[in-house]
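Remarks on the structure that follows.
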Amino acid sequence: MQIKCNGCQKTITIPDDKLPRGQAFNITCPGCKSKIRVDQHLNAPAPEAEPAVASAPPPAPAKAEAPEKTIDTPKLTITQEESEEDQELVIYDEHDRIALVLDEKNKDAWVHNLEEKGFKIQFARTPEQAVYKMRFTQFHLVALHETFGNVPLDKSALYQSLIELPMVTRRHIFVALAGPGMKTLNNMQAFNLSVNVVINDKDFDKLGDILKKSIAENDTFYKVFKETLKALGKA
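Per numbering that gives the first Met the number 0: the sequence shown = residues 0 to 234.
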């Protein structure tokens, strides 16, 4: 979907899969930073009805089916307040690197060090809001504290959704997991937890060096793989 900013006349392209279904929203123009209301997708014409065909004889009555079994799964439902806050869809430039910080305890350290490295930063107050944001934004880095959402890591639906992402998506996200149970830069623990780096809360005074080392190692690890995919047109 393409829209035009009335302020600077810049044309903005929004992928169809990023459009919230049945919901108007606002975006910030990356050119002049003015607010744009987007609701054109709500007025899309309905598909034409197919021509009627002669009806077949009614089938014989089927046996009553047993009711479907309902599976109890963790619910990640965004609240009305969070939904209204997220109605503004931020549009980034093509080469922007975007980080999602889910660590209130070490928030200041993350902001300082990530901004120094050129990241644009977003935050979420709850796991539900974090999942909602990840639906509409391709984050390059996710900083998660093991107690985020006041649930243990092994019961965190947010953490499970991160580590179960398809590999084609997951390999583009650098996931840093922090907490008192982490052993800083321990590659085996990071591997077992399916994240890129683990950081103990006591080591955040060295966060800049930790990120520099771990991001460089991750980039080196994937360099040949990504270049091969790019050459094949699959990146």
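We put the beta carbon where it would ideally sit given N, CA and C, even for glycine.
### Query
Would you call the stretch 177–185 and the stretch 157–166 in contact, with 3 or more CB pairs under 8 Å?
no
### Message
Whole angstroms are fine: how far does the CA of Asp200 sit from the CA of Gln39?
### Response
46 Å
#### Entry: Among Asn195, Pro151, Val196 and Phe138, nearest to Thr168 - alpha-carbon criterion
Phe138
### Message
Assuming the contact rule is C-beta atoms closer than 8 Å, Lys121 and Ile90 should be a hit. Round their C-beta distance to whole Å, please.
### Response
Checking the displayed sequence, the identity of residue 121 turns out to be Gln instead of Lys. Not really, about 13 Å apart at Cβ, beyond 8 Å.
### Task
Compare the Cα-Cα distances from Asp208 to each of His94, Lys9 and Glu115 and report the closest residue.
Relative to Asp208, the option among His94, Lys9 and Glu115 whose CA is nearest is Glu115.
### Query
With which residues is Gly180 paired in a DSSP beta bridge?
According to DSSP, which records beta bridges pairwise, Gly180 is partnered with nothing at all.
### Message
Just to confirm the assignment, what range does the beta strand (DSSP E) spanning Lys34 have?
### Response
Lys34 to Val37
### Query
Per DSSP, what kind of secondary structure is Lys119 in: helix, strand or coil?
If DSSP states are grouped into helix, strand and coil, Lys119 belongs with the strands.
### Message
Which runs of the alpha helix (DSSP H) at least 4 residues long sit entirely within the stretch 116–170? Give them in chain order.
### Response
126–135, 156–162 and 166–169
### Task
Specify the secondary structure class of Leu231 as computed by DSSP and reduced to three states.
DSSP places Leu231 in coil when its eight states are reduced to three.
#### Entry: Helix, strand or coil at Ile209 [DSSP, three-state]
helix
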